[in-house]
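Novice: One structure coming up, written as structure tokens, with questions to follow.
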Amino acid sequence: MTRILLSRMEAHPSDSHTLARYEATGGYAPLRKALGMAPEDIVAEVKAANLRGRGGASFPCGVKWGFLAPAEPRYLVINADESEPGTFKDRQLLERDPHQLLEGIIISSFALGVHHAFVYVRGEYPRPARRIQAAIDEAYAAGYLGADVAGSGYSLDVTVHLGGGAYICGEETALLNSLEGRRGEPRIKPPFPAVEGLYAKPTIVNNVETISNIPWIVEHGGAAYDAIGPEGSRGTKLFSLSGHVRKPGNYELVMGMSWREMIYDIGGGIRDGNALKAWIPGGASAPWFVEEHLDTPVTIDDIASNLSMIGSGAIVVMDETTCMVKAALRVVRFFSHESCGQCTPCREGTTWLQQVLTRLEAGDGRDIDLDLLLDISDNISPGLAWPPGMTTICPLGPSAVSPITSLAKYFKDEVVAHVHEGGCPLA
Amino acid sequence: MPSQPDLVTFTVDGKEAQVPAGTLLIEAVKAAGVHIPHFCYHPRMKPVGMCRMCLVQVEGPRGMMLGTSCTMPVTEGMVVHTDTDTVAKAQEGVLEFLLLNHPLDCPVCDRGGECPLQDQTMAAGPGESRFVEEKRHYPKPIPISDLVLLDRERCILCARCTRFSDEISGDPLIEFKDRGNATQVNTFPDEPFASYFSGNTVQICPVGALTATPYRFRARPWDLEAVESTCPHCSVGCRISVQASRNEALRFLGVDNGPVNQGWLCDKGRFGFEFLNSGDRLDTPLVRDEDGDLVEASWAEALDRAAAGLSAAAAEGPGRLAGLGGARSTNEEAYAFGRFVRETLGSNHLDAQLGDGLDPRVLAGITPRAAIDDLERARTVLVWAPDLKEELPVLYLRVRRAATELGANLVVVHPRATGLDPVATHTLRYRPGAGTEMLRRLADGSGDLAAVRAALDEGPVVAIIGRPGLGDDPRLAEAVMAFAAGLPDAAVLPVTRRSNVYGAADMGLAPTLLPGRVANDAPGRDAAGILEGLASGDLGGLVLLGSDPATDYVEPQQAAAALDAAGFTVAIDLFLTPSAAKADVVLPALGFAETEGTVTNLEGRVQKVNRLLPGPGSARPAHEILEDLARRMGGSIGAASAEALAAEIAGTAPAYAGITWEALSWGAGREGIVAPGPEGSQPLAVAPEDHAPPPAARDLVLHQARVLYDRGTLTQAGPSLAKLAKEPAAYVHPEDATRFGIKAGAAVRLTGSGGSAELPVVLDPSLVAGTVYVPLHLGAALGAGLEISMEAVT
Amino acid sequence: MGLFSPIAGFGVTLKQMFRKRVTAQYPKEKRVKPQRFHGRHVLNRYPDGMEKCIGCELCAGICPARCIYVRGKENPKDAPVSPGERYGFVYEINMLRCIFCAMCVEACPTEAITMTHLFEMSVTTRDDAIYTRSELLMSPEGDVPHPQPPSKLIDLDELKVADGWMRATAPAGRAAYEGVRGWTPTAGAGHRPPERGQSGDDGADGEEDA
């Protein structure tokens, strides 16, 4: 089994988060190697690794780094605002191997010419925040941070910021607003953060998992990383498997297996021997998959070509006892609750969707309600296509549309049954 | 200074148009005659793209892209579609979303009938609602200040009000709270929306979420008659729309006059209209009877009495009569007043100011004179003047814009903290009386003032200069002007407050000036001289035109005594002011919005004021009153009509040549025309000299300056503003407080040159130690002298 | 032109002589008015006594004869006159100018102003022709004041009848509302009875009985 991210915590579950264990297992050697390299060579290695962003959009990390505008100062911000329902991978990385992330931050900052990096941790993650803060304190004491990083003369400070508990702050520009002390509302793009980000300076925002890969890439070379896994989905990926599977949990996997293997082998199958009904392949924002997708491969591009997304790797499996209207309501309610309120279609539309679904679930549905749901959705995400069109600034509103389109595509009968039977037929 | 931006060509709905590069799409499409509906976009504020109403499609490399036209700058060759099915569906969708939770109380909403949301719904909205759920509910309007009510149910969360308060006025007292569907605009706990500019948020609110208490339920938009006019409250001269129903002024709205107010008004201007409807307005002439009481009289009787009294005084010898006032009149009335005093009364004793302004020759003749709009291009702005936020609020907005949005250096010199300080690059403080020393150090630019001096050397410089307080010598302002005129590419904007002081000076209402900026070789007495002459008996009589020296003169008690001693006084006024109450004949005049004419603002911009209301009772235009008086005294001042006077002014005053009512009423002239106009010339050129007095060394000096809401006649005549005037207080530096052994809130007795008052103490660390600040016209009359004594009251 | 032509014209007269007379001997006898007859106005109240008028001035705005004058005012918080924020504290109709077109009735968003069957309202001075709130507004019990006392001419019961077609056409102007009775209950009258051709259904707008 290929291990890039979880090897240390699997081998040393009790103290993998300490500097002593980290250094004892080869930690900070990649940093020393990196400090001896030219920054542009590090960027070249990351480009060669074909590492794709792990935060949801799967944008190639090296390409993103290449967009960084030359102005000074420039910032690196680590997006640890892991709030997508069903995702719990970054938490493990932060809690169990914070130095791996920190080393990634230091190497990336060095490569990007950054002298101040920020780690924006989700408000509900006090323990991960404490762990990464403790690691930073250790690193300062050991000379890996501060005015003279590992004796190289390069200076770097890292600041941990705990968010206020808004999902929207996982959107990079909302995160930057929040970090600046403003309302967590996404900004209009362009300008993109790489040109005008934190404090209107060039900023790279990367996910925890993405940056945690950097030490390994520097140590083994980009080509070695590029040799792992199928094309377009290189390296390993952390999957957060949850829902009605027998063995939920975080799995570090090389992609390319089929969904059948993912759910039945890795996940151990469906609970109580029930039948599979549907699953969400990449977090609450992703359109659902059903049985027909079982034999399609789990890669970034294959999921996309089947009109969904790998997202942050959160797989939520639903068995036959699940009411799909209720499942859609749960997802929509989440997005309605988490809408920042800035754009009209998202603020009003997601709440309206929630109200209609609530009515359907309560048995007060009307025959026109499914068409109404789809038309509301169409006004939030014109064309109901994938990747979604948007009448909004950020993709949060269109994300709330995914369960509606999935409902209409695969479970229309169930909606009709809700209307005609005056409530959920499964209840 | 940026050169003319390049033009780019783009296509909208198949029509080609050209606009300057960088223009936002929503503005650019207007060039092609296309209108895009919008709610959150406002041309005077930064776009936020929140309402999503202005979605259009733009052809891009990846096909047609839907985006908000308010956030997209036009680029060369851009192809835009505003009429596709996708755009129509998206816009209708957004409109439906906006209407979901919008209450259907249009019939009782003050916005109903002039509401952008209503208009857009009527034009393109769905015929009926698909929304069967319960709407969002909040308590119906909550007062967020004394003047503004907030109805959160109606709010469509466009952020116009919050952005205005933050970006434009710099009073971020309202903000979004909560998020998502629960997002609402609100104030911070226990902090009302007490902004001097709160009324603007009511005007720019695209729905009826923000409404103004003075206008609440007073009329429906279709009842209103409106004329465009110029705000009568201060010398900025904001363009307004006067709106009335049933012959009663009901509201003023800001009109976007680019070079002046850019659509904004201060609350005093906006809600100050109430004085027009005051029950205290004079509506019939008053004459003093045998018992010494003022009693109502017919016009004929009152005019006969006035003419007889004035003739008798004039017969005593030349120069026995004097005239005060005209600074709140139109140019036409001021000109008529000048002719009346000079020709009919045969006197050169004439002053529009009351010792609280600047030398009228400087006002009328200073060059290079700045226009307000020069602030758009200035690299550095020097403000050594009254606190603009308190005295000329909309000029404050323009300076603030220059300092924030346009990135100009801002240097503020004032005895205490001003409204501009938060956005100033440099703030300098000095003790009143020690301004000369401050100026010398600033000109020298050594030590800690080097950075300030460096900023001032970055041109173009606009210097806004006036008397920061009552105690500042007017010659200090002239010295500052002399200094400022020498700065690179500098222009000077001299500041005084009353609305038409500049016009009055141009019309010759000054002892040293004749109409048309011509120096008077035989100067008469100024306000101080006139009052002195009345008290001593050197002068036999006085005509007041909208002037109240007993309140507004720098030493009110002196003025009151002079008026008591005056032989014969005629007051032409809107109200029975303390001064008018001492007159022998009081003649009721028509005021703002009741007469037609022109006014000149502080940059020399002549603008039209228009008539909409009949005025109270038998009140008459001032020029008609003066003409009738002149005729009874055996002459005429040729004031057949205001328009005839305007024509005479254009012929007499070279700078006003070509500035006709016609020119001011149509086309570009509605923005006003700056005199000297393009063809006009300027007979008087005054180069201010550095002739400031030596600094005073005193233990404790008094700084007195005006505040926006005071106890002035016009402010107090309207119920909405009257209650906003604060109680007077003494602002004391903490060091002085310690020295005198007093605490905040304790009472002190201040005794100045013209009076004494017992006031509560407020600690003000922004003062220079040794200075006590007392706001003017709040009830504490201490006189104009610098020296003051303070003692704790136990 | 024939020989009998001058006489043939009398044939018409002759035929009419034997027809039923249409002239009614008003005021001795009064004809039954059509149900939608436009008589004088009345300002209604809700059954709980609240005034329906909210002083919105839409009636004044629509009036083609410009005969209505309304002023709105903020409802006193402790003793509101009408539901909501605003009520009409001045309401005047100049009956000399009124052309009884009922556009005011159509424009009214709250069914505050309706028309009755009474049209006998002769006056001796022009001032008397201006009906103010005291002539227009019904009492909380549903009684409508009228300036003239009841007489052979003036049947005050006609004030209790109001035209009924307004609601049938008002909401969104939909054809679906044609023939459907819908009326907010009014003090003293409750729901108006359905007109001929209307169903007893309260209408699709779900107006509830207050």
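Residue numbers (this note's numbering), protein chains in the order written: chain A, 1 to 427; chain B, 428 to 1221; chain C, 1222 to 1431.
Heads up, the beta-carbon is just placed ideally off N, CA and C, and yes, glycines get one too.
Source: prediction; values computed, not measured.
Would you kindly work out how many angstroms separate the C-alpha atoms of A/E82 and A/K247, rounded to a whole number?
Specialist: 22 Å
Novice: Assuming B/L1056 is part of the beta strand (DSSP E), what are its boundary residues?
Specialist: Careful: B/L1056 lies outside any beta strand (DSSP E), inside the alpha helix (DSSP H) at 1049-1059.
Novice: Taking 8 Å as the CB-CB limit, is A/I166 close to chain B?
Specialist: Contrary to the premise, residue 166 of chain A reads as Ala rather than Ile in this sequence. Closer than 8 Å: yes.
Novice: Which partner residues of B/K604 appear in the DSSP bridge assignment?
Specialist: B/Q611
Novice: Express the C-alpha separation of B/G681 and B/I631 in angstroms, rounding to a whole number.
Specialist: 10 Å
Novice: If you measure beta-carbon to beta-carbon, which residues of the segment 644-668 of chain B are closer than 9 Å to chain C?
Specialist: F644, R645, A646, R647, W649, D650
Novice: If you follow the beta strand (DSSP E) that B/D1000 is part of, which residue opens it and which one closes it?
Specialist: 995-1000
Novice: Within the same chain, show all residues whose beta-carbon is closer than 6 Å to that of B/M934, passing over the 5 residues directly before and after it, in chain order.
Specialist: N758, A761, Y762, G765, P942
Novice: Between the alpha carbons of A/F411 and A/M324, how many angstroms are there, rounded?
Specialist: 7 Å
Novice: If you draw a straight line from the C-alpha of B/A733 to the C-alpha of B/I799, how long is it?
Specialist: Distance between the alpha carbons of B/A733 and B/I799 is about 42 Å.
Novice: Output yes or no for whether 8 Å exceeds the beta carbon distance between B/P570 and B/D578.
Specialist: no
Novice: Apart from the five residues on each side of it in sequence, which residues of its chain come closer than 8 Å, Cβ to Cβ, to A/S418?
Specialist: What sits at residue 418 of chain A in the sequence shown is His, not Ser. These residues qualify, in order along the chain: V325, L360, E361, G363, G365, C424, P425.
Novice: Does the contact criterion of 3 or more C-beta pairs under 8 Å hold for the segment 942-960 of chain B versus the segment 677-695 of chain B?
Specialist: no
Novice: Taking 6 Å as the limit between beta carbons, can you name the residues of its chain near C/V1365, skipping five residues before and five after?
Specialist: V1263, M1359, L1380
Novice: Please decide whether C/E1278 counts as near chain B, where near means a Cβ-Cβ distance under 8 Å.
Specialist: yes
Novice: Would you list the one or two residues that DSSP bridges to A/D319?
Specialist: A/L276
Novice: Taking any Cβ of chain B, which residues in the segment 342-369 of chain A have a Cβ under 7 Å from it, in chain order?
Specialist: Q342, C343, T344, P345, R347, E348, G349, T351, W352, Q355
Novice: For A/G273, which option in A/H244, A/V63, A/G282 has the closest C-alpha, if you only look at C-alpha atoms?
Specialist: A/H244
Novice: Any idea if B/H1130 is buried or exposed, counting beta-carbon neighbours within 10 angstroms, 16 or more meaning buried?
Specialist: buried
Novice: Nearest to B/A646 by CA position, among B/V889, B/G540, B/A998, is which residue?
Specialist: B/G540
Novice: Should the segment 103-111 of chain A be regarded as contacting the segment 31-48 of chain A, the criterion being three or more beta carbon pairs within less than 8 Å?
Specialist: yes
Novice: So what does DSSP say about A/I4, is it helix, strand or coil?
Specialist: The answer is coil: DSSP assigns A/I4 none of H, G, I, E or B.
Novice: Based on the DSSP output, what are the partners of B/H381 in its beta bridges?
Specialist: In the structure as shown, chain B begins at 428 and stops at 1221. Residue 381 of chain B is therefore absent and cannot be evaluated.
Novice: Answer yes or no: do A/L329 and A/L357 have a C-beta to C-beta separation smaller than 8 Å?
Specialist: yes
Novice: Between C/A1393 and B/G554, what straight-line distance do the alpha-carbon atoms span, to the nearest angstrom?
Specialist: With a pLDDT of only 46 at C/A1393, under 50, the local geometry of the prediction cannot be trusted, and the value read off the model is given with reservation. Distance between the alpha carbons of C/A1393 and B/G554: 7 Å.
Novice: With 8 Å as the threshold, decide whether the Cβ of B/D532 is near any Cβ in chain C.
Specialist: yes
Novice: Please check if any C-beta of chain A sits within less than 8 Å of the C-beta of B/G520.
Specialist: The Cβ of B/G520 sits closer than 8 Å to at least one Cβ of chain A.
Novice: Please report the distance separating the alpha-carbon of C/Q1237 from that of C/C1277.
Specialist: 52 Å
Novice: Is it buried or exposed, B/Q611, if we count other Cβ atoms within 10 angstroms and call 16 or more buried?
Specialist: buried
Novice: Tell whether a beta-carbon distance below 8 Å holds between B/I595 and B/M477.
Specialist: no
Novice: Kindly say whether A/H115, judged by its beta-carbon, lies nearer than 8 Å to any beta-carbon of chain B.
Specialist: Not a single CB atom of chain B sits nearer than 8 Å to the CB of A/H115.
Novice: Should C/A1393 be flagged as near chain B, meaning a C-beta pair shorter than 8 Å?
Specialist: At C/A1393 the pLDDT is 46, less than 50, meaning the model places this residue with poor confidence; the figure from the coordinates comes in the next sentence. Closer than 8 Å: yes.
Novice: Residues of chain C with CB under 9 Å from B/K567, in chain order?
Specialist: G1305, E1306
Novice: Threshold first: 3 residues or longer. Then list the beta strand (DSSP E) segments lying entirely within the segment 853-903 of chain B, N to C.
Specialist: 853-856, 888-893
Novice: Just by C-beta distance, which residues in the segment 1289-1303 of chain C are closer than 8 Å to chain B?
Specialist: G1293, K1294, E1295
Novice: Measuring only the C-alpha atoms, how far is B/A1102 from B/L1029?
Specialist: 11 Å
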